[in-house]
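J.:
Numbering (UniProt numbering), first residue to last: 1 to 259.
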């Protein structure tokens, strides 16, 4: 009970719960439409989804300032790539929340002249840029961990005097003049790289969760901007999965990717 009280006291937790409920309604509405449910029931689900979306926008008032503060902290990171990716991601999130606040003012009736379609498109563009930066950061961290794992494996091989072929386990380019080249060798290298990637992600749950969460979230702005039409079912499912993973990182802070 104490853990639940601490969780529910966080504003992020309330936003994530509303987000999970919103995308659950989207997924449920799509399923009801496929099954031929009554129009009245479908309308009620859409209205509930709209109310949850509007409530989330209210909860996110002021989040732009938090994102700017996070960007200021990220500027001092020592790693250049991480500093760039995290800072740009937070700046885009700040702009995304600012556009979201304008949308809330328009939908709540405080600013009825707001062009909601235009501001929604702006909001999703900034959201998309933020997710691209997050995935770039994930890819960079995965590459660093894979290089570390490969170097450790190479040192073990040299220390044990093993004769494993060099350049395959480490992923380095093979010599084009060596015998046995061609497609089998390329397939073997690819298989070993995939196994190395799986090992790295399995050994780093925060990074794995961040990759899955960002990848799921990516479908939402792609669909809303018309870049890749996924449909409400896929959007609802991806949004629900990413929301559950976000809630999990709030319940278990050690699963949150740092910095």
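Cβ atoms here follow ideal geometry from the backbone N, Cα and C, with glycine treated the same way.
Kindly confirm or deny that the stretch 219–235 and the stretch 109–128 touch, where touching means at least three C-beta pairs closer than 8 Å.
T.: yes
J.: Can you give me the Cβ contacts of residue 140 inside the same chain, cut-off strictly under 6 Å, excluding the 5 residues immediately before and after it?
T.: So the list reads 81, once near-sequence residues are dropped.
J.: Going by Cα to Cα distance, which pick from 64, 113, 253 is closest to residue 94?
T.: 64
J.: How about residue 11 and residue 58: are their beta carbons less than 8 Å apart?
T.: no
J.: My guess is that residue 233 and residue 220 are in contact by the Cβ rule of under 8 Å, so how many angstroms apart are they, rounded?
T.: In fact, because the Cβ distance is near 13 Å, the residues do not count as touching under 8 Å.
J.: Considering residue 252, what are the terminal residues of the alpha helix (DSSP H) in which it resides?
T.: No alpha helix (DSSP H) contains residue 252, which DSSP labels as neither H nor E.
J.: Would you kindly check if the distance between the Cβ of residue 55 and the Cβ of residue 42 is under 8 Å?
T.: no
J.: Nearest-angstrom Cα distance between residue 19 and residue 53?
T.: Computed Cα separation, rounded: 7 Å.
J.: Tell me which same chain residues have a C-beta within less than 8 Å of the C-beta of residue 112, skipping the five on either side of it?
T.: Take residue 112, set aside five residues on each side of it, and the residues of its chain with a beta-carbon closer than 8 Å to its own are 106, in chain order.
J.: List the endpoints of the continuous alpha helix (DSSP H) containing residue 221.
T.: 205–224
J.: Please classify residue 229: does DSSP put it in a helix, a strand, or coil?
T.: Here DSSP, grouped into helix, strand and coil, assigns residue 229 to coil.
J.: Per DSSP, what kind of secondary structure is residue 164 in: helix, strand or coil?
T.: Because the pLDDT at residue 164 is just 45, under 50, the model does not fix this residue reliably, and the point stays unresolved.
J.: Nearest-angstrom Cα distance between residue 128 and residue 49?
T.: 22 Å
J.: Taking the alpha helix (DSSP H) that residue 34 belongs to, which residues open and close that run?
T.: 11–34
J.: Helix, strand or coil: how does DSSP classify residue 158 here?
T.: helix
J.: Counting beta carbon pairs with one atom in the stretch 138–158 and one in the stretch 192–208, are three or more of them shorter than 8 Å?
T.: The stretch 192–208 vs the stretch 138–158: in contact.
J.: Within the continuous alpha helix (DSSP H) that includes residue 106, where are the two ends?
T.: 80–107
J.: Among 157, 86, 46, 253, which residue has its Cα nearest to the Cα of residue 22?
T.: 46
J.: Which residue from 190, 215, 98 puts its Cα closest to that of residue 136?
T.: 215
J.: On the DSSP letters alone, give me the boundaries of the alpha helix (DSSP H) that residue 51 sits inside.
T.: First-last of the alpha helix (DSSP H) with residue 51: 39–59.
J.: Please name the residue in 73, 146, 131 whose C-alpha comes closest to that of residue 201.
T.: 146
J.: Check whether the Cβ atoms of residue 97 and residue 74 lie closer than 8 Å to each other.
T.: Remark: C-beta atoms of residue 97 and residue 74 do not approach each other more closely than 8 Å.
J.: State the start and end residues of the unbroken alpha helix (DSSP H) segment that holds residue 258.
T.: Taken as a continuous stretch (DSSP letters only), residue 258 belongs to no alpha helix (DSSP H), as it is neither H nor E.
J.: For residue 114, does the three-state DSSP call read helix, strand or coil?
T.: In the structure shown, residue 114 sits in coil (DSSP, three-state: anything other than H, G, I, E or B).
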